[in-house]
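Trainee: Here it is: the structure, laid out below.
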Amino acid sequence: MKRRAFTMLAAAPLLLAAGCGRKEAAQAAASAAGATDDKTLSLIMSDAGFNSEVVPILKAEMARQGFKLEWVVVNDIIQPNKMVDEGLADANSFQHEPYFDQFKQDHGLKRVTRGFYTVFAPSGLFSRKYKSLSQVPDGATIGIPVDPSNNGRALFMLRDKGLLKLREGVNVTHARIKDITDNPHNFRFREVDQLMLQRTLDDVDVGFLFLGVALKIGLDPKKDALAIEPEHDIAYKGIVAVRPEILGTPKLKALQNAYGSDALKAYFHKQYGDAITFLDKLNS
10 MKRRAFTMLA
20 AAPLLLAAGC
30 GRKEAAQAAA
40 SAAGATDDKT
50 LSLIMSDAGF
60 NSEVVPILKA
70 EMARQGFKLE
80 WVVVNDIIQP
90 NKMVDEGLAD
100 ANSFQHEPYF
110 DQFKQDHGLK
120 RVTRGFYTVF
130 APSGLFSRKY
140 KSLSQVPDGA
150 TIGIPVDPSN
160 NGRALFMLRD
170 KGLLKLREGV
180 NVTHARIKDI
190 TDNPHNFRFR
200 EVDQLMLQRT
210 LDDVDVGFLF
220 LGVALKIGLD
230 PKKDALAIEP
240 EHDIAYKGIV
250 AVRPEILGTP
260 KLKALQNAYG
270 SDALKAYFHK
280 QYGDAITFLD
290 KLNS
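My numbering applies: residue 10 is where the sequence shown begins, and numbers increase by one.
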């Protein structure tokens, strides 16, 4: 099968400007120098959390195995899967499996698949105004993710704390505001785009944040979180998504080894402490 070229800057990551569309992102990737081959893997990452900061570790670990990692950082969560689906990149790393499955279904993508699992990092509920959920007043506004794959995560944390009830039998990956059957505190919910969650934290009483984002904006999950997602919600497994053509190839195995390396695990432990769960054992 003829490969479609994916190119990028040799010396530094290509950071796509805020508001850049998918067409412009593809043009930017295609206009830089270099091309993928059997010894080179092209990876797209979002700029959320610590995604872009793990790249030097991944590059070094892949180099030890005789492979080169080329990468692009994008600032939205739409481009990465579409660009892999169109053959503009080998892989992406920014999402959990429920989001990936929902995105593929919603956009009719056929040429991108799960490559391997990476980590589970819990989300949490945070507030600039209150130190505990018991302080949150009736009628408070709760900021939650607008995307269907994450909507239920905030609702389940509130349910587990006894603050609302959800339809019996609803799964966390499918729960929506419409599934609330009892809201005794009359909470109001503001659905927010993932990349805007941290920016709206000051405007709501309580807000949902991914752990990496919380750390990035100076919050300590152990001290500042009003609630933390339990590990049993491991449905939200992080993945690397890939072009089907590279499944089983040495360069994808090299990337998987890099994600399972002691160096990367040490970095994640430094950032997340014991909150993160590594998913190496789930990969065949």
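All C-beta atoms in this analysis are idealised placements derived from N, C-alpha and C, irrespective of residue type, glycine included.
Under 8 angstroms by Cβ, that's how I've got L256 and G96 pegged, so tell me the actual separation to the nearest angstrom.
Mentor: Counted from its first residue, the sequence shown places residue 256 at position 247. Counted from its first residue, the sequence shown places residue 96 at position 87. No, L256 and G96 are not in contact; Cβ-Cβ is about 14 angstroms, not under 8 angstroms.
Trainee: Distance, Cα to Cα, K187 vs L264?
Mentor: For the purposes of this step, residue 187 is identified with residue 178 of the sequence shown, where counting begins at 1. For the purposes of this step, residue 264 is identified with residue 255 of the sequence shown, where counting begins at 1. Whole-angstrom Cα-Cα distance: 40 angstroms.
Trainee: Measure from the alpha carbon of Q104 to the alpha carbon of each residue in I53, T150, H183, P146, then state which is nearest.
Mentor: Residue numbering aside, residue 104 sits at position 95 when the sequence shown is read from its first letter. Looking at the Cα atoms, I53 is the closest of the given residues.
Trainee: Can you tell which of G247, E62, L118, K77 has its C-alpha closest to the C-alpha of T127?
Mentor: Position 118 of the sequence shown, counting from 1, holds the residue named residue 127. For the residues G247, E62, L118, K77, the minimum Cα distance to T127 belongs to G247.
Trainee: Tell me which residues share the same chain as A223 and place their Cβ nearer than 7 angstroms to its Cβ, disregarding the 5 neighbours each side in the sequence.
Mentor: Along the sequence shown, one-based indexing puts residue 223 at 214. Result list for A223: G133, F135, P230, in chain order.
Trainee: Does the segment 266-276 come close enough to the segment 64-76 to have 3 or more Cβ pairs within less than 8 angstroms?
Mentor: In short, these stretches touch, since the Cβ pair count reaches three.
Trainee: Under a Cβ-count criterion, where at least 16 other Cβ atoms within 10 Å of its own Cβ denotes burial, should G152 be classed as buried or exposed?
Mentor: Looking up residue 152 in the sequence shown gives position 143. Buried, since its Cβ has 16 or more Cβ neighbours within 10 Å.
Trainee: Counting only the same chain and skipping the five closest in sequence on each side, list residues whose C-beta sits under 7 angstroms from that of E238.
Mentor: For the purposes of this step, residue 238 is identified with residue 229 of the sequence shown, where counting begins at 1. Excluding sequence neighbours, E238 sits near P131, S132, G133, R162, M166.
Trainee: Sort K91, R137, E106, M71 by Cα distance to K232 and report the nearest one.
Mentor: The residue labelled residue 232 in the question sits at position 223 within the sequence shown. The residue with the shortest Cα to Cα distance from K232 is R137.
Trainee: Helix, strand or coil for I243 per DSSP?
Mentor: For the purposes of this step, residue 243 is identified with residue 234 of the sequence shown, where counting begins at 1. If DSSP states are grouped into helix, strand and coil, I243 belongs with coil.
Trainee: Could you compute how far the alpha carbon of I285 sits from the alpha carbon of H278?
Mentor: Looking up residue 285 in the sequence shown gives position 276. Looking up residue 278 in the sequence shown gives position 269. Near 7 angstroms, if we compare the C-alpha coordinates of H278 and I285.
Trainee: Grab me the residues of D211's own chain with a C-beta within less than 8 angstroms of its C-beta, minus the 5 sequence neighbours each way, in chain order.
Mentor: Against the sequence shown, residue 211 aligns to sequence position 202. Result list for D211: R137, in chain order.
Trainee: Spell out a yes or no on whether the segment 174-190 and the segment 139-149 are touching, meaning 3 or more CB-CB pairs, one atom from each, closer than 8 angstroms.
Mentor: Result no; under three Cβ-Cβ pairs closer than 8 angstroms.
Trainee: Once the 5 residues before and after S293 are set aside, which same chain residues still bring their CB inside 6 angstroms of it?
Mentor: Taking the sequence shown and counting its residues from 1, one reaches residue 293 at position 284. Cβ neighbours of S293 beyond the five flanking positions: none.
Trainee: Let me know if G282 comes out buried or exposed under the rule of 16 or more other beta-carbons within 10 Å of its beta-carbon.
Mentor: For the purposes of this step, residue 282 is taken as residue 273 along the sequence shown, with counting starting at 1. Label assigned to G282: exposed.
Trainee: With 16 other CB atoms within 10 Å as the buried threshold, where does L273 fall?
Mentor: Here the question's residue 273 lines up with position 264 in the sequence shown. Per the 10 Å Cβ criterion, buried.
Trainee: Identify which residue in D271, L118, V81, G216 has its Cα closest to the Cα of K140.
Mentor: The sequence position of residue 140 within the sequence shown is 131, counting from 1. It is G216.
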